[in-house]
Amino acid sequence: MSRELYLYRLVAEKEPDGSYNVIVLAPTEEKAFEYAEKELERYTIKTPAVKEWVIEEKKRVRQGTGYVLNGSERKENDK
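Each number in the numbering used here corresponds to the 1-based position in the sequence shown with 16 added.
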């Protein structure tokens with residue numbers, strides 16, 4: 017059985033403030049959250065306390081699919 021894959025852009029809201037953008041490829045939203053948590057653990061030395069995960073975008077994967085993050089969005093999320 018062939019399953020479609022989706023590209024998810026999630027935001028992890030850190031405690032007390034700040035956030036991380038995490039982009040993962042997954043077949044379902046449930047798996048997207050699972051994969052995003054694992055990616056954040058690998059990315060950081062000490063896993064931050066995340067108060068909320070939010071799916072910002074979901075796109076069906078096909079040739080040419082991608083995301084654009086503007087500079088102000090990145091700087092705001094790096095705080």
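Glycine is no exception: its CB is placed at the ideal position from the N, C-alpha and C atoms.
Just so we're clear, the structure is a prediction, and the values are computed from it rather than from any experiment.
Item                                                                                                                      : Value
Sequence-distant residues of the same chain with beta carbon closer than 8 Å to Ala67, five excluded per side             : Inspection of the sequence shows that residue 67 is occupied by Lys rather than by Ala. Taken in chain order, the residues that qualify are Glu29, Lys30 and Glu31.
Cut-off 8 Å between Cβ atoms - residues of its own chain near Leu56, not counting five sequence neighbours on either side : Ala28, Tyr36, Val38, Thr63, Pro64 and Val66
Bridge partners - Arg78, DSSP secondary structure assignment                                                              : None, per the DSSP bridge assignment.
Where Arg58 sits in the DSSP three-state scheme                                                                           : helix
Closest residue to Ala52 among Arg25, Arg78 and Val84 (Cα-Cα distance)                                                    : Arg25
Arg78 versus Gly34 - alpha carbon distance                                                                                : 32 Å
Pairwise C-alpha distance: Val84 and Leu69                                                                                : Looking at the sequence provided, one finds Trp at residue 69 rather than Leu. Distance between the alpha carbons of Trp69 and Val84: 20 Å.
Option in Gly82, Lys75 and Gly80 with minimal Cα separation from Tyr22                                                    : Lys75
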